[in-house]
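Q: All residue numbers for the sequence shown refer to numbering that gives the first Met the number 0, where the first residue is 0 and numbers rise by one. Mind looking over this structure? Questions follow.
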Amino acid sequence: MAAVDGMTTMTTTTTEPIGISNLPNQRHRIASRTPANFTLMVVGESGTGKTTLINTLFRTDLAPGIDYAQRYTAHLDKTVEVDVIRAELEEKQFRVNLTVIDTPGFGDYVNNRDCWSPLVDFIDDQHESYMRQEQQPVRQNIRDPRVHACLYFIAPTGHTLKPLDIEVMKRLSSRVNLIPVVAKADTLTPNDLARFKDRIRDVIHTHSIRVFAPPLDAIDEASADHARSLMASMPFSIIGSTKDVRTRDGRTVRGREYVWGVAEVENENHCDFKKLRSLLIRTHMLDLISNTEELHYEAYRQAQMETRKYGEPKVKKVENPRFKEEEEALRRKFTDQVKLEEGRFRQWEQHLIAERDRLNKDLEMTHGAIKQLEAEIESMQMSARAQRR
Ligand SMILES: Nc1nc2c(ncn2[C@@H]2O[C@H](COP(=O)(O)OP(=O)(O)OP(=O)(O)O)[C@@H](O)[C@H]2O)c(=O)[nH]1
Ligand SMILES: [Mg+2]
0 MAAVDGMTTM
10 TTTTTEPIGI
20 SNLPNQRHRI
30 ASRTPANFTL
40 MVVGESGTGK
50 TTLINTLFRT
60 DLAPGIDYAQ
70 RYTAHLDKTV
80 EVDVIRAELE
90 EKQFRVNLTV
100 IDTPGFGDYV
110 NNRDCWSPLV
120 DFIDDQHESY
130 MRQEQQPVRQ
140 NIRDPRVHAC
150 LYFIAPTGHT
160 LKPLDIEVMK
170 RLSSRVNLIP
180 VVAKADTLTP
190 NDLARFKDRI
200 RDVIHTHSIR
210 VFAPPLDAID
220 EASADHARSL
230 MASMPFSIIG
240 STKDVRTRDG
250 RTVRGREYVW
260 GVAEVENENH
270 CDFKKLRSLL
280 IRTHMLDLIS
290 NTEELHYEAY
300 RQAQMETRKY
310 GEPKVKKVEN
320 PRFKEEEEAL
330 RRKFTDQVKL
340 EEGRFRQWEQ
350 HLIAERDRLN
360 KDLEMTHGAI
370 KQLEAEIESM
380 QMSARAQRR
């Protein structure tokens, strides 16, 4: 028995168990009664295969037996706006309301400054929406829009992380469970991929980017081992494909076909897709949910509570930096156009003045000529009159 701050902690050593070891089963039953909400977001440079991976996840055994083609038809064109895909999954009485958020790729612009801003705002807005709902008197139908996991797609350059990746990952990792993935693993040789992963891990460590790590204090040794093996593979290399192809040994698999063979999505020697799926869906979905609740949402809530009064609406940032840049460019273009038009107007004005002067001079000359003619006529008339007399 030990006393801590006036509280008494007791350790019972009776042979009769009190039943707390049954808690995991209770959790099982609770979980099967109310469906869990799970939201996954994909983020990364343009063309790294985000949309393809979502389709790959949807069409493999994420939900066997359900035809998702109707619910979500594959479209592999450039994603231009945030796309929200919803699905209800059910397996052995467990129900999960899954939401996948596909975002447009960034990095297409010459100046990519602040390109992370819409992504960060999106995640904050979901926290805000949940917080506002929590503050309402009636909270039965509360909808949880918070993002539980964010897959960050790293382009398979084989070098290291780009400064833009570091910047975006830093900002995301303070708000959401960040899971970095090396996209298009089939484009790198196994050695290059291993070296690339090492370098990424180094950069992540050097810049103190907090990526999601499954808890290692699991109940049993096997789960702890599994968590450790998942961590060792981070960042997960992935291959996305929506097509079934035939391997040389006659199997039909989801993969990408090359002249020298097939890169298989679900082959652990080819990529870590299975590990990633396991982390997201099979083994660590609840950890991702509770980490969001306890760490990221709590940090958001605290920061907001410190800066505004209870129930006060959030001050909306009016402008997005990229829109601001566009606005400035438009304003510059407008000013240039006005200057050009003004110049043209001035030239035209000067031309008109010169023309007016010329015409005035003409008029003066004509006037002078008329005056002279009149004088001549008068003198002629005078001389005629004098002759008549
Ligand atoms: N080699 C290879 N190509 C891939 C892989 N995944 C996707 N692709 C190809 O890469 C191209 C772009 O894929 P998308 O899924 O549209 O990329 P995205 O990241 O959604 O692109 P944005 O929406 O523009 O940001 C397509 O031609 C895909 O077929 C992969 O794992 N390996
Ligand atoms: Mg896309």
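Positions of the beta carbon are idealized from the N, C-alpha and C atoms, including for glycine.
To the nearest angstrom, how far is it from the Cα of I53 to the Cα of V99?
A: Sequence index remark: in the sequence shown, residue 53 carries index 54 (1-based). Sequence index remark: in the sequence shown, residue 99 carries index 100 (1-based). Looking at the two C-alpha atoms, the distance is approximately 8 Å.
Q: Which term fits K360, buried or exposed, when burial requires 16 or more other beta carbons within 10 angstroms of its beta carbon?
A: Position 361 of the sequence shown, counted from the start, is the residue given in the question as residue 360. Exposed is the call here.
Q: Mind checking which residues open and close the alpha helix (DSSP H) that includes D286?
A: As a working note, residue 286 is residue 287 in the sequence shown. D286 -> alpha helix (DSSP H) spans M284 to N290.
Q: Can you have a look at S158 and say buried or exposed, based on whether 16 or more other CB atoms are within 10 angstroms of its CB?
A: Mapped onto the sequence shown, residue 158 falls at position 159. The question names Ser, but residue 158 is His in the sequence shown. Classification of H158: exposed, given that the 10 Å Cβ count is below 16.
Q: Which partner residues of I84 appear in the DSSP bridge assignment?
A: Walking along the sequence shown from the start, residue 84 turns up at place 85. Answer by DSSP bridge pairing, in chain order: V99.
Q: Does at least one heavy atom of ligand 1 sit under 7 Å from the Cβ of A182?
A: As a position in the sequence shown, residue 182 is number 183, starting the count at 1. It does: the Cβ of A182 is within 7 Å (strictly closer) of some heavy atom of ligand 1.
Q: Taking only runs that begin and end inside the segment 151-181, name each unbroken beta strand (DSSP E) of 3 or more residues, in chain order.
A: Those beta strand (DSSP E) runs which fall completely within the segment 151-181 and span 3+ residues are 177-181.
Q: Taking just the CA atoms, how far does G249 sit from I288?
A: As a working note, residue 288 is residue 289 in the sequence shown. As a working note, residue 249 is residue 250 in the sequence shown. In a straight line, the C-alpha of I288 is about 40 Å away from that of G249.
Q: On the premise that R170 lies in contact with V119, defined as a C-beta separation below 8 Å, what is that separation, rounded to the nearest angstrom?
A: Taking the first residue of the sequence shown as position 1, residue 119 is located at position 120. Taking the first residue of the sequence shown as position 1, residue 170 is located at position 171. About 5 Å separates the two Cβ atoms, so the contact holds.
Q: Excluding the five sequence neighbours on either side, which residues of its own chain have a C-beta within less than 6 Å of the C-beta of A62, listed in chain order?
A: Counting from one through the sequence shown, the residue named residue 62 turns up at place 63. For A62, the pLDDT reaches just 39, beneath the cut-off of 50, and the residue's location in the model is therefore unreliable, although a value from the coordinates is still provided. Excluding residues within five positions, the ones whose Cβ falls inside 6 Å are L88.
Q: May I have the straight-line CA-CA distance separating I199 from P234, to the nearest angstrom?
A: Walking along the sequence shown from the start, residue 199 turns up at place 200. Walking along the sequence shown from the start, residue 234 turns up at place 235. Their Cα atoms are separated by approximately 8 Å.
Q: Would you identify the three-state DSSP class for A1, choosing helix, strand or coil?
A: Translated into the one-based positions of the sequence shown, residue 1 becomes position 2. Note on A1: pLDDT 40, under 50, position unreliable in the model; the coordinate value appears next. Three-state DSSP puts A1 in a strand.
Q: Mark Q69 as exposed unless 16 or more other C-beta atoms lie within 10 angstroms of its C-beta, in which case mark it buried.
A: Sequence index remark: in the sequence shown, residue 69 carries index 70 (1-based). Reliability of the predicted coordinates at Q69 is poor, the pLDDT of 41 falling under 50, and no value is obtained from them.
Q: Can you tell me where the beta strand (DSSP E) with T38 in it begins and where it stops?
A: The sequence position of residue 38 within the sequence shown is 39, counting from 1. Its beta strand (DSSP E) spans residues A35 to G43.
Q: Between the alpha carbons of E324 and M230, how many angstroms are there, rounded?
A: Position 325 of the sequence shown, counted from the start, is the residue given in the question as residue 324. Position 231 of the sequence shown, counted from the start, is the residue given in the question as residue 230. Approximately 40 Å, taken between the alpha carbons.
Q: With V175 and I122 assumed to form a contact (beta carbons below 8 Å), what rounded beta-carbon distance in angstroms separates them?
A: Taking the first residue of the sequence shown as 1, we reach residue 175 at position 176. Taking the first residue of the sequence shown as 1, we reach residue 122 at position 123. Yes, they are in contact, since the Cβ atoms of V175 and I122 sit about 5 Å apart, within 8 Å.
Q: Beta carbon of T50: closer than 7 Å to some heavy atom of ligand 2?
A: Here residue 50 is taken as the residue at index 51 of the sequence shown, counted from 1. Yes, the beta carbon of T50 sits closer than 7 Å to at least one heavy atom of ligand 2.
Q: Using CA coordinates, which residue listed in K196, T47, T55 and F344 is at the minimum distance from D243?
A: The sequence position of residue 243 within the sequence shown is 244, counting from 1. Residue T55 is the option with its Cα nearest to D243.
Q: Exposed or buried, what is T188 when buried is set at 16 or more other beta-carbons lying within 10 Å of its beta-carbon?
A: Reading the sequence shown from its first residue, position 189 is the one you call residue 188. By the neighbour-count rule (16 or more Cβ atoms within 10 Å), T188 is not buried but exposed.
Q: Can you give, in chain order, each stretch of the alpha helix (DSSP H) that sits fully within the segment 213-252 and has at least 4 residues?
A: Those alpha helix (DSSP H) runs which fall completely within the segment 213-252 and span 4+ residues are 220-232.
Q: With 16 as the cutoff for other CB atoms within 10 Å, does D154 come out buried or exposed?
A: Here residue 154 refers to the residue found at position 155 of the sequence shown. This sequence places Ala at residue 154; Asp is not what is there. With 16 or more other Cβ atoms within 10 Å, it is buried.
Q: What does DSSP give as the partner residue(s) for Y257 in the beta ladder?
A: Here residue 257 refers to the residue found at position 258 when the sequence shown is read from its first residue. DSSP output for Y257 lists G260 as bridge partner(s).
Q: Between D164, L39, R307 and R255, which has its C-alpha nearest I208's C-alpha?
A: As a working mapping, residue 208 is identified with position 209 in the sequence shown. Answer by Cα proximity: D164.
Q: In this structure, does DSSP put M381 in helix, strand or coil?
A: As a position in the sequence shown, residue 381 is number 382, starting the count at 1. Helix, per DSSP.
Q: When you compare only the Cα positions, how much space is there between K196 and V181?
A: The count along the sequence shown starts at 1 and reaches residue 196 at position 197. The count along the sequence shown starts at 1 and reaches residue 181 at position 182. Each residue's Cα considered, the two are about 8 Å apart.
Q: Pick out whichever of N268, D224 and H206 has its Cα sitting closest to the Cα of K161.
A: By one-based count along the sequence shown, residue 161 stands at place 162. Comparing Cα positions, the closest option is H206.
Q: What residue range is occupied by the uninterrupted alpha helix (DSSP H) comprising N190?
A: Within the sequence shown, residue 190 is the residue found at index 191, counting from 1. That run of the alpha helix (DSSP H) goes P189 to T205.
Q: May I ask whether a heavy atom of ligand 2 can be found less than 7 Å away from the beta carbon of G104?
A: Within the sequence shown, residue 104 is the residue found at index 105, counting from 1. For ligand 2, at least one heavy atom lies less than 7 Å from the Cβ of G104.
Q: In whole angstroms, what separates the C-alpha of S128 from that of Y257?
A: One-based indexing of the sequence shown puts residue 128 at position 129. One-based indexing of the sequence shown puts residue 257 at position 258. Their Cα atoms are separated by approximately 46 Å.
Q: Is it true that the CB of D271 sits closer than 8 Å to the CB of P213?
A: Taking the first residue of the sequence shown as 1, we reach residue 213 at position 214. Taking the first residue of the sequence shown as 1, we reach residue 271 at position 272. No, Cβ-Cβ distance for P213 and D271 is not below 8 Å.
Q: If you draw a straight line from the alpha carbon of E263 to that of I237, how long is it in whole angstroms?
A: Your numbering for residue 263 matches position 264 in the sequence shown. Your numbering for residue 237 matches position 238 in the sequence shown. Roughly 10 Å between the two C-alpha positions.
Q: On the DSSP bridge assignment, give the partners of R94 in chain order.
A: Locating residue 94 in the sequence shown gives position 95, counting from the first residue. BP columns for R94 point to E89.
Q: To which residues does DSSP link F105 through a beta bridge?
A: Here residue 105 refers to the residue found at position 106 when the sequence shown is read from its first residue. E44.
Q: Between T241 and ligand 2, is there a pair consisting of the residue's CB and a ligand heavy atom that are separated by less than 7 Å?
A: Locating residue 241 in the sequence shown gives position 242, counting from the first residue. No, since every heavy atom of ligand 2 falls outside the 7 Å radius drawn around the Cβ of T241.
Q: Does W115 pass the burial test, meaning 16 or more other C-beta atoms within 10 Å, or should it be called exposed?
A: As a first step, residue 115 is located in the sequence shown; it is residue number 116 there, counting from the start. By the 10 Å Cβ count, W115 comes out buried.
Q: Does the Cβ of T78 lie closer than 7 Å to at least one heavy atom of ligand 4?
A: No copy of ligand 4 occurs in the structure displayed; its ligands are ligand 1 and ligand 2 alone.
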